[in-house]
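Trainee: Letter 145 of the sequence shown, counting from 1, is numbered 145 in full-length UniProt numbering, and no numbers are missing.
Glycine included, every Cβ here is placed at the ideal spot set by N, Cα and C.
Note that the structure is predicted; figures quoted are calculated from it, not measured.
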Amino acid sequence: MNLKHYIRDIPDFPSKGILFKDITPLLIDPEAMNQATEALLKLIGNLRIDKVVGMESRGFFFGPLLASKLNVGFVPVRKPGKLPAEKISLTYDLEYGSDTLEIHSDSIRKGDRVLIHDDVLATGGTAKATCDLIESLGGEVVQCNFLMILGFLKGREKLNGYEVKSLIEY
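1) Going by C-alpha distance, which of A32, P25 and A127 is nearest Y162?
2) Using the DSSP secondary-structure output, state which residues sit across from Q143 in a beta bridge.
3) Let me know if M1 comes out buried or exposed under the rule of 16 or more other beta-carbons within 10 Å of its beta-carbon.
4) Note down the Cα distance separating G125 from D119, rounded to an integer number of angstroms.
5) Since E157 is in the alpha helix (DSSP H), which residue starts that stretch and which ends it?
6) What's the call for A85, buried or exposed, on a 16-neighbour Cβ count within 10 Å?
7) How is P11 classed by DSSP in three states: helix, strand or coil?
8) Could you name the residues that DSSP lists as bridge partners for R48?
9) Mind checking which residues open and close the beta strand (DSSP E) that includes G73?
10) Please list the terminal residues of the continuous alpha helix (DSSP H) segment that includes K128.
11) Just verifying my parser: in three-state terms, what is the DSSP assignment at S89?
12) Can you check DSSP and say which residues form a bridge with I149?
13) Which one of P76, V72, L70 and L47 has the shortest CA to CA distance from R58?
14) Could you check which residue in T37, L90 and L70 has the C-alpha nearest to that of N79?
15) Quick check on DSSP: helix, strand or coil for G59?
16) Under the rule that 16 or more other beta-carbon atoms within 10 Å means buried, what is K154, buried or exposed?
17) Could you tell me which of I134, I18, K16 and L19 sits nearest to I88, measuring between CA atoms?
18) For A54, does the count of other Cβ atoms within 10 angstroms reach 16, so buried, or fall short, so exposed?
See the structure below:
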């Protein structure tokens, strides 16, 4: 099964000039979703994982599925104001401005081996900030795992030094 057939292009979303990669056709097809989950698990191989971290919001689709299959916990990384308990924050630069991410301060323990998952790696800012949050709590990022990479945006360069894997590359 070619998973690219389940990703549709939406021109000019969320703004003019952007070609958005929409994964909802993949999500509504149980066979495609199961195949994507199994293929993402194969990218992990025999790595020992203690936690799966997913970034808001599309990292919440496959992240919990991977955590369940690996029999480990899932940790959400969210935009400000979405997490109810004690948290740490990190503000990072974007191409035009900045953004902030938060994680519960008790979600990662010193020495935890962490898999980061998101649906897409674009410019890499969010993934790198997530790595920094995990490491500030004492965790070790063992892999950054994506459904797809938009290679032309060079996000992989921001993750230099981390193992980066994906099912699809554009």
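Mentor: For this structure:
1) A127
2) L115
3) exposed
4) 14 Å
5) G155 to K158
6) exposed
7) strand
8) BP columns for R48 are empty, so no partner.
9) G73 to V77
10) G125 to S136
11) strand
12) L121 and E169
13) P76
14) Before going on, a small fix: residue 79 reads as Lys here, not Asn. Checking every option, the nearest Cα to that of K79 belongs to L90.
15) helix
16) exposed
17) I134
18) Here residue 54 is Gly; the residue named in the question, Ala, does not match the sequence. G54 should be labelled buried.
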